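Undergrad:
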Amino acid sequence: MKTIAIYNIKGGVGKTATAVNLSFLASLDGANTLLWDLDPQGAASYYCRIKAKIKGGGKKLIEGKSDIEAAIKGTDYENLDLLPADFTYRNMDIFLDDTKKPLKCFKKLLQPFSEEYDYVFLDCPPSISSAAESVFAAADILLVPTIPTTLSLRTYKQIKEFFKQQGIKQTKVLPFFVMVDRRKNMHRLIVKRPPSFMPSVLKTYIPYASQVERMGVHRAPLTVFAARSKAAQCYSSLWDEVRLKLHKL
Amino acid sequence: MPDNPHSFVVPDDQSIPALISLLQDSFTVHVLPETIDERVFYDTFDWRLYKKGSAFEVHDDGRSRKIYWRKDKDGELKIQLGLKRVPHLAADLPACELRQQLQSVISVRELLPRIKVRIKRQSLNVLDKNKKVVVRLNFDVYWHSASRLRAARVLTKRLTIKPVKGYAKDYRRLEAFFLAMQLQPAQNNIMKLALIVSGVCTGEYTTQLKLLLDPEMSTEQALKKILLRLLEIMQQNTSGSMHARDTEFIHDYLVSIRKTRAALKHINDVLPQAVNANYEKFFSTLDELTEPIRNLDVFLQQLENYQADFETSEWQQLQALPEYLLRSRAEMQTKFNESVKSSRYRENIKQWRDYLENSGTESFPPDKASQSVYKLADELLLDFYQQTLQQGNVIASSNKAGGGGLDKLRDTLQKMLYLMGFFHSLYPVGKMRALVQVLTDLQDKLEESSALSININMVKAFIKQGKDEGAVKASMQMINILQQQQQETVKVFKSCYAAYSSSANQKQFKEMFVDYHSLSNTGGKIKL
Numbered sequence: 004m005k006t007i008a009i010y011n012i013k014g015g016v017g018k019t020a021t022a023v024n025l026s027f028l029a030s031l032d033g034a035n036t037l038l039w040d041l042d043p044q045g046a047a048s049y050y051c052r053i054k055a056k057i058k059g060g061g062k063k064l065i066e067g068k069s070d071i072e073a074a075i076k077g078t079d080y081e082n083l084d085l086l087p088a089d090f091t092y093r094n095m096d097i098f099l100d101d102t103k104k105p106l107k108c109f110k111k112l113l114q115p116f117s118e119e120y121d122y123v124f125l126d127c128p129p130s131i132s133s134a135a136e137s138v139f140a141a142a143d144i145l146l147v148p149t150i151p152t153t154l155s156l157r158t159y160k161q162i163k164e165f166f167k168q169q170g171i172k173q174t175k176v177l178p179f180f181v182m183v184d185r186r187k188n189m190h191r192l193i194v195k196r197p198p199s200f201m202p203s204v205l206k207t208y209i210p211y212a213s214q215v216e217r218m219g220v221h222r223a224p225l226t227v228f229a230a231r232s233k234a235a236q237c238y239s240s241l242w243d244e245v246r247l248k249l250h251k252l
Numbered sequence: 002m003p004d005n006p007h008s009f010v011v012p013d014d015q016s017i018p019a020l021i022s023l024l025q026d027s028f029t030v031h032v033l034p035e036t037i038d039e040r041v042f043y044d045t046f047d048w049r050l051y052k053k054g055s056a057f058e059v060h061d062d063g064r065s066r067k068i069y070w071r072k073d074k075d076g077e078l079k080i081q082l083g084l085k086r087v088p089h090l091a092a093d094l095p096a097c098e099l100r101q102q103l104q105s106v107i108s109v110r111e112l113l114p115r116i117k118v119r120i121k122r123q124s125l126n127v128l129d130k131n132k133k134v135v136v137r138l139n140f141d142v143y144w145h146s147a148s149r150l151r152a153a154r155v156l157t158k159r160l161t162i163k164p165v166k167g168y169a170k171d172y173r174r175l176e177a178f179f180l181a182m183q184l185q186p187a188q189n190n191i192m193k194l195a196l197i198v199s200g201v202c203t204g205e206y207t208t209q210l211k212l213l214l215d216p217e218m219s220t221e222q223a224l225k226k227i228l229l230r231l232l233e234i235m236q237q238n239t240s241g242s243m244h245a246r247d248t249e250f251i252h253d254y255l256v257s258i259r260k261t262r263a264a265l266k267h268i269n270d271v272l273p274q275a276v277n278a279n280y281e282k283f284f285s286t287l288d289e290l291t292e293p294i295r296n297l298d299v300f301l302q303q304l305e306n307y308q309a310d311f312e313t314s315e316w317q318q319l320q321a322l323p324e325y326l327l328r329s330r331a332e333m334q335t336k337f338n339e340s341v342k343s344s345r346y347r348e349n350i351k352q353w354r355d356y357l358e359n360s361g362t363e364s365f366p367p368d369k370a371s372q373s374v375y376k377l378a379d380e381l382l383l384d385f386y387q388q389t390l391q392q393g394n395v396i397a398s399s400n401k402a403g404g405g406g407l408d409k410l411r412d413t414l415q416k417m418l419y420l421m422g423f424f425h426s427l428y429p430v431g432k433m434r435a436l437v438q439v440l441t442d443l444q445d446k447l448e449e450s451s452a453l454s455i456n457i458n459m460v461k462a463f464i465k466q467g468k469d470e471g472a473v474k475a476s477m478q479m480i481n482i483l484q485q486q487q488q489e490t491v492k493v494f495k496s497c498y499a500a501y502s503s504s505a506n507q508k509q510f511k512e513m514f515v516d517y518h519s520l521s522n523t524g525g526k527i528k529l
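Protein chains in written order, with this note's numbering: chain F, 4 to 252; chain R, 2 to 529.
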């Protein structure tokens, strides 16, 4: 089982769109895939047409007192299951702090599924907190969608520094550019020459496209309703690149 | 709710469209476009995966190819996501769990596409009131064609119900719907069905002779039967030996030649002298062509095991050795292929088969050819057993255990094992198996020592060619390691031989080859 977390401190950078599209593409490979919607907003659950609700609430789930297996729902797509969000996830840090080993919590919760699932995708909420640290410990790869602007790059730098300070080495951090608007000079320049602190930036970038926003209308991954769109093809290339990195780990 | 799909057999008289129509009367169903998929089952020439319950399958739906692996009958068929194509050999894979698991089943054998099945699939999704998929169904028609020339046949029609997590009630409703139609659960797996239809027997290939000889059968009849079976094994392995990727083909080919030579040499004066001499020469030439290739294969397969004995830089310098061995092997393979492709070879094989199948009794002297085969078997095996004891005692009593004596004993033991294989059906199975084991235990040690000698000679030949000082130095180290191993093997020989020549074992051999058929043959007086 390989765990891929889609994370950024910033909100509105396309984390959920990435998580839903990549997990769907993984399932198309024939891989048993689980998408865990960790964001209390429940956007990934909404895209998958599954109610963002966990029976018994998030606290019991995190404490291991409710059956995580029973909370998982199959999506409309073969090989793709979802562990839905719950609004109580807004208190995730408090839940985690009540556990014995908050940093290892997500990893421990996912451990029983190591045989069942080939890939687990974590759609993370925007923040840097105990929950984020638990995600870092659980993930093999941390995908960081980054808008090619000065502030977004600064945020990425903060994540890198946090990893350095905490001595986190086991997780491979892979940034990639999203919402790239070719009409904007700054976007073009940054994508062409990424800053030196982004040596691991992925080659594929996701363009700014209204089709991505339409995922909310169709409540489906891009490939399902706009397979030929530029954005869908970019997500497909992105998955090819990530998959290659995963199998080299 | 089961995690795994549940499959039913759709009876021949029930049409799939009719079933779908019935389903649509009771459930909200979304019918997906029909697809044609292909499933290829890979296995070795001798069906090692199937026999162990393992599976290596490629599923192709026209858009993508997916590779699946199951390590044994209790395992689960798991997709191999990092794998882009089916490896020919386990050694083609990088060091990983799959390589280890595969190697433990197929060893050095090649994976070949053995059975191909086409699947006409009609998939359906059952939806709830929110149009959410709650159960998935596949109606599959499996087709198989044993060859391009033969028409494809329907193997089976199946309905598979796949649960969707979190929707157990819907799954149970659907399952009850089909159970009420009295559909039977699918038992046999698809590969098994395809094998039945193809008429393929997975146990058909074995290097064991498995001949049933009648004790009263004439020696000539028995010998021809043995030689014919050996020719069959040889021919089964000819094409694979020429292809050269799977080294077991050339091994089995070589062993059948050696057994043939042993039969011609030791069951002598049964076939006419001219025939015997002619084919002894023919098989001897083939033996000379094949043996060096096998020796190179053995060394190449063992080389990796020595890596731990070297520093990384030394090991890198030694890489010229496998390259040299592979070059030598390629040259020898070319010679072998030229010989096997020649019209002379084909003619000889054809005539040999013709002779064994159709020739009448024309042997000389007739009394030996017509005597009952069990008498000859008793005499031969007893004689060989005595020879092994004589040769072994000389080595065991000497302080210097090594050199030609061990090779001579190995040769005698090997021939005795061959003869026991020819005549095993003339003796009680369990006791014979136990004696074969006694012989094999000793023989394995001697084989090990012999292989090490051959390997040392190969490294010496490499050094003679060597221009690179580093490679020569590393090769000298390799020779030292091989020589040390050889000395260890020789030490172990003495304890193995003591067990082999124990009075208890001697008694068992005597009981088998003197007493079992008749004490009157030798009057019970034998020197052991």
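Just so it is clear, CB atoms sit at the ideal spot from N, CA and C, and this is done for glycine as well.
Small disclaimer: the values here were computed from a predicted structure and weren't measured.
#1: For the candidate residues F:K167, F:L38, F:V194 and F:L225, whose alpha-carbon lies nearest to that of F:C127?
#2: Tell whether a beta-carbon distance below 8 Å holds between R:A472 and R:Q318.
#3: So R:R137 contacts chain F; which residues on that side make the cut at Cβ distance below 7 Å?
#4: Between F:A230 and chain R, is the shortest Cβ-Cβ distance under 8 Å, so that the two count as touching?
#5: Quick one: residues in its chain with C-beta nearer than 6 Å to the C-beta of F:Y122, no 5 flanking neighbours on either side, listed in chain order?
#6: At the level of alpha carbons, what is the spacing between R:V341 and R:V430?
#7: Less than 8 Å separating the beta-carbons of R:V118 and R:A195?
#8: Identify each residue in the region 78 to 100 of chain R for which the Cβ-Cβ distance to at least one residue of chain F is less than 7 Å, and report them in chain order.
#9: Of all Cβ atoms in chain R, is any one closer than 8 Å to the Cβ of F:A47?
#10: On the premise that R:D73 lies in contact with R:K53, defined as a C-beta separation below 8 Å, what is that separation, rounded to the nearest angstrom?
#11: Give a yes or no on contact between the region 135 to 142 of chain R and the region 155 to 166 of chain R, applying the rule of three or more CB pairs nearer than 8 Å.
#12: Just verifying my parser: in three-state terms, what is the DSSP assignment at R:K52?
#13: Could you tell me the boundaries of the alpha helix (DSSP H) in which R:S257 lies?
#14: DSSP on R:R151, reduced to helix/strand/coil?
#15: Taking the CB atoms as reference points, tell me whether R:V41 and R:L125 lie closer together than 8 Å.
#16: Taking a contact to mean a Cβ-Cβ separation below 8 Å, would you say F:P151 touches F:N11 in this structure?
#17: Nearest CA to the CA of R:E306: which residue from R:C97, R:A19, R:I482 and R:K409?
#18: If you measure from the beta carbon of F:I171 to each beta carbon in chain R, is any gap under 8 Å?
#19: Just how far apart, CA to CA, sit F:I86 and F:A47?
#20: Using the three-state DSSP reduction, which class does R:L196 fall into: helix, strand or coil?
#21: Comparing the C-beta of R:V165 with each C-beta of chain F, is any distance below 8 Å?
#22: Would you report the Cα separation of F:P197 and F:D143, rounded to the nearest angstrom?
#23: In whole angstroms, what is the alpha-carbon distance linking F:I162 and R:V135?
#24: What are the boundary residues of the beta strand (DSSP E) that includes R:N126?
#25: Just how far apart, CA to CA, sit R:S364 and R:P273?
#26: How about R:K409: is its C-beta nearer than 8 Å to some C-beta of chain F?
#27: Between F:I75 and chain R, is any beta-carbon pair separated by less than 8 Å?
#28: Relative to chain R, which residues along the region 16 to 46 of chain F have a C-beta separation below 9 Å, given in chain order?
#29: Counting only the same chain and skipping the five closest in sequence on each side, list residues whose C-beta sits under 7 Å from that of R:A245.
#30: Give me, in chain order, the residues of the same chain whose beta-carbon lies closer than 6 Å to that of F:I171; leave out the 5 immediate sequence neighbours on both sides.
#31: Quick check: the region 9 to 24 of chain F against the region 61 to 75 of chain F, are at least 3 beta-carbon pairs closer than 8 Å?
#32: Which residues of chain R have a Cβ atom closer than 7 Å to the Cβ of F:R52, listed in chain order?
#33: Given that F:D143 touches chain R, what residues does it touch there, using C-beta distances under 9 Å?
#34: Give me the Cα-Cα distance between R:S558 and R:S373, rounded to the nearest whole angstrom.
#35: Could you list the residues in the region 112 to 130 of chain F with a C-beta less than 9 Å from some C-beta on chain R, going in chain order?
#36: The alpha helix (DSSP H) spanning F:A140 covers which residue range?
TA: Considering the structure as presented:
#1: F:L38
#2: Their beta carbons are under 8 Å apart, which means R:A472 touches R:Q318 by this criterion.
#3: E81
#4: Judged by the 8 Å Cβ criterion, F:A230 is not in contact with chain R.
#5: K5, A29, A34 and T36
#6: 37 Å
#7: Yes, they are a contact pair.
#8: Hits within the stretch, in order: I80, L82 and G83.
#9: Closer than 8 Å: no.
#10: 6 Å
#11: yes
#12: helix
#13: T248 to H267
#14: coil
#15: no
#16: no
#17: The residue you asked about is not Glu; residue 306 of chain R is Asn in the sequence shown. Ranking the options by Cα distance to R:N306, first place goes to R:I482.
#18: no
#19: The amino acid occupying residue 86 of chain F in the given sequence is Leu; Ile does not appear at that position. So the two alpha carbons sit approximately 10 Å from each other.
#20: helix
#21: yes
#22: Between F:P197 and F:D143, the C-alpha separation is close to 23 Å.
#23: 40 Å
#24: L113 to L128
#25: Since pLDDT at R:S364 reaches only 46, below the 50 mark, its modelled position is unreliable, and no value is offered.
#26: no
#27: yes
#28: A29, L31, D32, G33, A34 and N35
#29: Q334
#30: F139
#31: no
#32: Ordered by position in chain R, the residues that pass the 7 Å Cβ test against F:R52 are K133.
#33: Those do not exist, as F:D143 stays about 13 Å from chain R at its closest Cβ, beyond 9 Å.
#34: With chain R running from 2 to 529 in the structure shown, residue 558 of chain R is simply not present.
#35: E118, E119, D121 and Y122
#36: S133 to A141
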